[in-house]
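Engineer:
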Amino acid sequence: MTTYSDIRGYRVKYLSSDPTLNTSTEGQVWYNSTEGVLKSLVQIKAWSAGGNMNTTRYEAGGCGIQTAALGAGGYNPPSPGGLTATEEYSGYTWAAGGNLGNARYGAGSAGTQTAGLLFGGANAGTPIGTNVTEEYDGSTWTAGGNMNTARYYMAGFGIQTAAAGAGGTDFPSPTIVSETEEYDGTSWTISNNLNTGRKQFSGMAGIQTAGLVFGGDTPGVTAVTEAYDGTSWTAVNSMNTSKWQGTFGAVGTATGALSFGGRTSPSPTITSETEEYDGSTWNISSATLGTSTRNMGAAGSKSAGLKFGGSVVTPAVTNSTEEFNSTIYSPATGAWASGGNLNTSRFTLAGSGTQTAGLAFGGFTGTANSGATESYDGSSWATLPATMGTARYSLGGAGTQTAALAFGGRSSPGPQLASSESFNGTSWTATSNLGTSRYRLAGIGAQTAALAFGGNSTVFPSITLSTATESWNGTSWTSVNSMNTGRMNLSGAGDQTAALAFGGGAPNVAATESWDGTSWASVNSLNTARNASAGSGTQTAAISFGGNPNPTELWDGTNWSTATPTTTARSFLGAAIQGTQNLALGFGGYAAGASAATEEWTLGSSAAGTASTLTTS
Amino acid sequence: MALFIYGTATNTGKGFFTAEDRRAFFLRGFPGDVWVVGNNEKGALWLAEKNGVEKTKAEAQAIVDAEVAAAQAAWDALPEEQKTNLNSQRPTAITLP
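Residue numbers (my numbering), protein chains in the order written: chain A, 4 to 620; chain B, 690 to 786.
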C-alpha cells in the first residue's frame, strides 16, 4: 500500500501546535494534538476584484504594496496627453492623491505609497520621452533629479532613495534603450546596460541591488529574464511565454516575482496568463487575471500582487483593479457547533433521524430510567407527549424522526431487555422482541429494515460480549451471521444491507467490521480505540465521535482519519443515526453528570468558505 | 503569553459556539460550565460575547474539581446495579489543559 511517506517523502508528524506556515511546509500533513485535527497546508492562488480607480487609465506608474499602493499618471484617450492624476489604494478603495507636476504615461516607478518615485515617461500626444523625476511624500509630488536619458516604457524598481530604471525607448520610436540608471534620492547615475535592450516589459521586480526584468519588445516579443545585482545584468531562466506590454511597477523581488497580463505577440492578443518566478524558474500559475489586460499599473508582492487600470479588449481602457493572492492555509477537516440543549439531560440514550430532523429517546438521567422522547428541528429540542412504553437505557435505535424503532436496553433494576417499540411520530407501540435480549447494543437502518448487533447479553453484573446480529423486517427479528468481535457500547453506521460497526468495549475496542447484508468482515481499525462513542453515516462514509477517549474519526470506506473532537468531551451520547458523515448530530451523554448539550458536525465547509472569498476565472 | 483563557459561561444551545468559532480558536467545554478558550482576539471576544466570566486556570480547575467530586459522590451513592450504567467506572479527575 502506498503511504503518505512514499508520496511526499515525509511522515505525518504529531505536533502540539502548527508548524510555521510557509512554502517549506506546503503540501505537508500533520496531526495537531492540541486541537485534535489532522491538518495540511494547501496553497490557494487567485485573482479577485478590487475597488475601481476613480480615473480610467492605462500605462500608469505603480508602487507600494497591495493594501497601500500608489498609481500615478497614465493615459486616457482621447486625452491629448498623459494624466497628472494620482490615486492611493487602501486595499479596498482608491482615493485621490496629489497631482503630478508633469503629466505623463509609460513612466518608470518605484518606492511606496508615502515615498514614491516616478521618472521618465511620455508627456504629450506625440510620444516624446521625458527625463523628469518626481518624488511623492504621501500627499505632494516634488521635483527630483532628471534622468540622463529621456525615455518611456522602461522598467523601474527599488525605493525612492535607491531606485533603478532600465531599458525603454526614446524619441523617435522605436529606438530601443539598453541603458540602466540608478537614483540615489538626488541624482541619476548611468550603470551597465541590459544584455537584451527592450521596452514595454512584461514586468519587473526587486530593489536597486537585486532587480529583475522580464519580457518586453526587443523589437520582437521576448521571454528573456535578466537579474540585476546593483552593477550588472545576468540572463536567468526565461518566462514560459514571451510577453510584452505588461505592467508598470515592481511586483515582488528578484527571488519571487509575478508576471501577468500583457500581450503574447504583436497581434492584438491580450492575455490573462500569470507566471510566478521563484528565484530560479518561471511557472505558469493556476490563477489568471479576471480580465485579460495589458499596460497596467502594478504593485505588491508575489503572494499579494495588484493590478490597476490598463487596456482591455472592450472597452479599450479600464479603471478596474484586481488583487492576486497566494495564500497558504490549513483547511480544517470539519467542525462542531453547538445545537439546542436537550430538555432532559441524560446519557446512554438512543437517536434516530438526521441533523435537522432528529429524535432522542430513552436513556438514564443519573437517577432514573428515561422514556422521554424529544424531537429536534435543527435548532431546538421539543419534548413530545409520547413516552416509551418501557423507559430504558443503553438501547438500540433506528429509523427517522417520525418512524423510529427502539430495541433492547435495560430498565434498572432489572435484566436486559428483548422488547422493541415502534414510533410513528405520535406514539410508541410495542413490537416483536429481539431473539437475544441485550443492552449496550448498536442499531442502524430504517424502522422497517433495521439491524441490531453486539451488546451485553447476560444479566447484571455479568458481562457477555455479544456478537449476535439480528435483522428486522418491520415485523420480526431474524438472527443472521454474527460479528467477528464481541463488544458492547459500540457504534454503527449504514443500513441493513451495508453497515459498519466500530469501537466499543470492554476494554476499549478499535476494531471495525463491515456488513454486506450477509456477513461481517474485519476492515481497518479506528486510530483510537474507544468505548461508548456514537456514530452515523454510511458503510463507506461514516463518522465516529465522542466516547472515551473522544476524538472524532472519519471513515472513507478504507481507512479512518482523525478530525477535531466534540467541544465537550463526553461518553454514552446519542446520535441521529441517519445523519451523514458531513452532517452529524450528537446529543446528551455523560461528562461528570448527565449532559443536555447537543453538537452539530459539519464537514467540508472550511475549505469552501476560505476559497469562496477568492474568485478565479 | 498564555495559550488559553479560562472562564465560565452557560451553554445556551444553538449558536453558543459555531463551526467558525471552532475553526478560529481552541475551545473545549468542561463540567461546571467551564470553557477553555484559545488565547487570541477571537477567542477572547467569544467569551465576552457569551457573558462569560474569566477565571484563572486555578479557579477554573477548582470548579471542575468540585463538579467531578460531586459526580463521584453521586456515583458512590448509586445502587451497585446502577453503577453499570457508566461501565462501573467512577468519574475520574479532569485536568484542564
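No residue lacks a Cβ here, since even glycine has one placed at the ideal position from N, Cα and C. In this text the structure is predicted, and so the values were computed from the model without any measurement.
Can you give me the Cβ contacts of B/Thr784 inside the same chain, cut-off strictly under 6 Å, excluding the 5 residues immediately before and after it?
Structural biologist: Cβ neighbours of B/Thr784 beyond the five flanking positions: none.
Engineer: Taking C-beta pairs closer than 8 Å, name the residues in chain A that B/Glu770 reaches, listed in chain order.
Structural biologist: Correct list: Ser415, Pro416, Phe463, Pro464.
Engineer: Out of A/Ala301, A/Ser323, A/Gly141, state which residue places its alpha-carbon closest to the alpha-carbon of A/Asn57.
Structural biologist: Nearest C-alpha to A/Asn57: A/Ser323.
Engineer: In whole angstroms, give me the CA-to-CA distance for A/Leu576 and A/Lys48.
Structural biologist: Between A/Leu576 and A/Lys48, the C-alpha separation is close to 42 Å.
Engineer: Check for me: the beta strand (DSSP E) holding A/Gly354 runs from which residue to which?
Structural biologist: Where A/Gly354 is concerned, the enclosing beta strand (DSSP E) stretches over 353–356.
Engineer: Alpha carbon to alpha carbon, what distance is there between A/Gly259 and A/Thr274?
Structural biologist: Their backbone Cα atoms lie some 21 Å apart in a straight line.
Engineer: Would you mind working out which of A/Thr543, A/Gln450, A/Thr531, A/Phe463 sits nearest A/Ala496, comparing C-alpha positions?
Structural biologist: Nearest C-alpha to A/Ala496: A/Thr543.
Engineer: Under 9 Å between C-beta atoms, does B/Gly702 make it to chain A?
Structural biologist: Judged by the 9 Å Cβ criterion, B/Gly702 is in contact with chain A.
Engineer: In angstroms with no decimal places, state the Cα-to-Cα distance between A/Gly369 and B/Asn700.
Structural biologist: So the two alpha carbons sit approximately 20 Å from each other.
Engineer: Within the 9 Å Cβ cut-off, does A/Ala335 reach chain B?
Structural biologist: The predicted model places A/Ala335 with a pLDDT of 47, which falls under 50 and marks its position as unreliable; any figure quoted below should be read in that light. At least one chain B Cβ lies under 9 Å of A/Ala335.
Engineer: Please go through the same chain and pick out, in chain order, the residues whose beta-carbon is closer than 7 Å to the beta-carbon of B/Glu769, but skip the five residues on each side of it.
Structural biologist: Closer than 7 Å at Cβ, skipping near neighbours: no residue.
Engineer: For the beta strand (DSSP E) that contains A/Glu473, what are its first and last residues?
Structural biologist: A/Glu473 -> beta strand (DSSP E) spans 472–475.
Engineer: Hey, would you say A/Glu276 sits closer than 9 Å to A/Ser329, going by beta carbons?
Structural biologist: Cβ atoms of A/Glu276 and A/Ser329: not closer than 9 Å.
Engineer: Strictly by DSSP, which residues pair up with A/Thr571?
Structural biologist: Answer by DSSP bridge pairing, in chain order: B/Gly718.
Engineer: Given that B/Ala747 touches chain A, what residues does it touch there, using C-beta distances under 8 Å?
Structural biologist: In chain order: nothing, as chain A lies at least about 19 Å away.
Engineer: Starting from B/Gly704, follow its DSSP beta bridges and name the residues at the other end.
Structural biologist: BP columns for B/Gly704 are empty, so no partner.
Engineer: Give the single residue among A/Leu398, A/Asn553, A/Gly64 whose Cα lies nearest to the Cα of A/Tyr139.
Structural biologist: Ranking A/Leu398, A/Asn553, A/Gly64 by Cα distance to A/Tyr139 puts A/Gly64 first.
Engineer: Measuring straight from C-alpha to C-alpha, what distance separates A/Arg573 and A/Leu345?
Structural biologist: One C-alpha to the other measures close to 15 Å.
Engineer: Please decide whether A/Ala594 counts as near chain B, where near means a Cβ-Cβ distance under 9 Å.
Structural biologist: Output row for A/Ala594: interface = yes.
Engineer: Rounded to whole angstroms, what's the CA-CA distance from A/Ser289 to A/Trp50? Just pull it up for me.
Structural biologist: So the two alpha carbons sit approximately 10 Å from each other.
Engineer: With a cut-off of 8 Å on the beta carbons, I'd call A/Gly2 and A/Leu493 a contact; round off their distance for me.
Structural biologist: An answer regarding residue 2 of chain A cannot be provided, because it is not within the stretch 4 to 620 covered by chain A.
Engineer: Let me confirm a value: B/Arg779 is counted as buried when at least 16 other C-beta atoms fall within 10 Å, else exposed. Which label applies?
Structural biologist: Result: exposed.
Engineer: Look at the alpha carbon of A/Ser378 and the alpha carbon of A/Ser425, and state the distance between them as a whole number of angstroms.
Structural biologist: Their Cα atoms are separated by approximately 15 Å.
Engineer: Does the Cβ-Cβ distance between A/Leu261 and A/Phe350 come in under 9 Å?
Structural biologist: Result no, Cβ atoms of A/Leu261 and A/Phe350 do not sit closer than 9 Å.
Engineer: Just checking: is the beta-carbon of A/Ala340 within a distance shorter than 9 Å of some beta-carbon in chain B?
Structural biologist: It does: the Cβ of A/Ala340 has a partner Cβ on chain B nearer than 9 Å.
Engineer: I want to verify the contact list: residues of chain B whose CB lies under 8 Å from the CB of A/Thr605, in sequence order.
Structural biologist: Here the neighbours are Ala708.
Engineer: Within the 9 Å Cβ cut-off, does B/Leu785 reach chain A?
Structural biologist: Not closer than 9 Å to any Cβ of chain A, the Cβ of B/Leu785 fails to qualify, so no.
Engineer: Report yes if the CB atom of A/Tyr186 is closer than 9 Å to the CB atom of A/Gln203, and no otherwise.
Structural biologist: Cβ distance not < 9 Å, so A/Tyr186 and A/Gln203 don't count as in contact.
Engineer: Residues of chain B with CB under 9 Å from A/Ser383, in chain order?
Structural biologist: Simply Gly702, Lys703.
Engineer: Could you please give the first and the last residue of the uninterrupted alpha helix (DSSP H) stretch that includes B/Glu748?
Structural biologist: That run of the alpha helix (DSSP H) goes 746–766.
Engineer: With a CB to CB cut of under 7 Å and the five nearest residues on each side skipped, what residues in its chain are close to B/Gln761?
Structural biologist: The residues are Arg779, Pro780.
Engineer: Under the assumption that A/Thr403 contacts A/Met391 (Cβ atoms under 8 Å), give the Cβ distance between them as a whole number of angstroms.
Structural biologist: With 8 Å as the limit, A/Thr403 and A/Met391 do not qualify as a contact, their Cβ atoms being about 17 Å apart.
Engineer: Given a threshold of 16 other Cβ atoms within 10 Å of its Cβ, counted over all protein chains shown, does B/Pro786 qualify as buried or as exposed?
Structural biologist: Exposed, because fewer than 16 other Cβ atoms sit within 10 Å of the Cβ of B/Pro786.
Engineer: At least one CB of chain A closer than 9 Å to the CB of B/Thr632: is that the case?
Structural biologist: With chain B covering 690 to 786 only, the question about residue 632 of chain B has no answer from this structure.
Engineer: Which chain A residues sit within Cβ distance under 7 Å of B/Arg779?
Structural biologist: Correct list: empty, because the minimum Cβ distance to chain A is about 11 Å.
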